[in-house]
Each structure stands twice: as structure tokens, then as C-alpha cells.
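Enquirer:
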Amino acid sequence: MWTGAQDILKALKKVLPVTSVHVLGSFTTKKARPADVDFIVFVKTKEKGQRKWAVDLTVAPDNKYGHSVLKDTDRWVKEKYGLKKSTTVKLK
Numbered sequence: 014m015w016t017g018a019q020d021i022l023k024a025l026k027k028v029l030p031v032t033s034v035h036v037l038g039s040f041t042t043k044k045a046r047p048a049d050v051d052f053i054v055f056v057k058t059k060e061k062g063q064r065k066w067a068v069d070l071t072v073a074p075d076n077k078y079g080h081s082v083l084k085d086t087d088r089w090v091k092e093k094y095g096l097k098k099s100t101t102v103k104l105k
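One rule links them: number in this note's numbering = place in the sequence shown (from 1) + 13.
Written out as C-alpha cells, the structure reads:
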């Protein structure tokens, strides 16, 4: 899982102005089946104010495993926020 994450970070650095990358504590977990590797990626922006924004992004392979990640995430969001306050929409 870590090797795949490194490859994704290398690809991101080619298209985004990455200034730093931080691995979150869940990476060091001793779970039998960790779901993912969590990062915070800082990008250089042209903004010079106190504008606040952040995006949660999960990158998964387009295969059976990736689709199980989508299904698991959708289930988690519905459990956390409720059926009426959550949905998954395919944008592309």
C-alpha cells in the first residue's frame, strides 16, 4: 500500500505545486487491513489572504479493490451523516 501511495505522490508533484507532504498517524496503525494511507498535501497558491479551503480526496485503482473502497466509503458516510444527508454522485 505504501509503494502505491509513493507513486501517486510522485504523479501529483508533476501536476500540482506541492510544497510539503505529511503522513498522518493512521499510517502507523497495526490494523490487520488498513483501508488507506492518509496524507495532507500542501500546495502553493497565488492567494495572499486568509481564505480557508481543504478537500478530502481518495485515490484508488480502477479495479475490484477500488470499487470496494468506494462502496465502503459510501457506507461509512451514510452511517456518519444519515441516509437523508448524504449521497454519492459520479462526476465523470
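For each residue, glycine too, the CB sits at the ideal point set by N, CA and C.
All figures in this text were calculated on a predicted structure; none of them were measured in a lab.
Apart from the five residues just before and just after residue 35, which ones in its own chain have a Cβ nearer than 7 Å to its Cβ?
Expert: As a working mapping, residue 35 is identified with position 22 in the sequence shown. Closer than 7 Å at the Cβ level, and outside the excluded window around residue 35, lie 52, 53.
Enquirer: Start and end of the alpha helix (DSSP H) containing residue 11?
Expert: For the chain, the structure presents residues 14 to 105; residue 11 sits outside this window and is missing.
Enquirer: If the criterion is Cβ atoms closer than 7 Å, does the pair residue 30 and residue 56 meet it?
Expert: Numbered from 1 along the sequence shown, position 17 holds the residue referred to as residue 30. Numbered from 1 along the sequence shown, position 43 holds the residue referred to as residue 56. The answer is yes: Cβ separation under 7 Å.
Enquirer: Would you check if the distance between the CB atom of residue 87 and the CB atom of residue 71 is smaller than 7 Å?
Expert: If you number the sequence shown from 1, residue 87 lands on position 74. If you number the sequence shown from 1, residue 71 lands on position 58. No, Cβ-Cβ distance for residue 87 and residue 71 is not below 7 Å.
Enquirer: By DSSP, does residue 102 sit in helix, in strand, or in coil?
Expert: Counted from its first residue, the sequence shown places residue 102 at position 89. In the structure shown, residue 102 sits in coil (DSSP, three-state: anything other than H, G, I, E or B).
Enquirer: By the three-class DSSP mapping on this structure, what secondary structure does residue 56 have?
Expert: As a first step, residue 56 is located in the sequence shown; it is residue number 43 there, counting from the start. DSSP places residue 56 in strand when its eight states are reduced to three.
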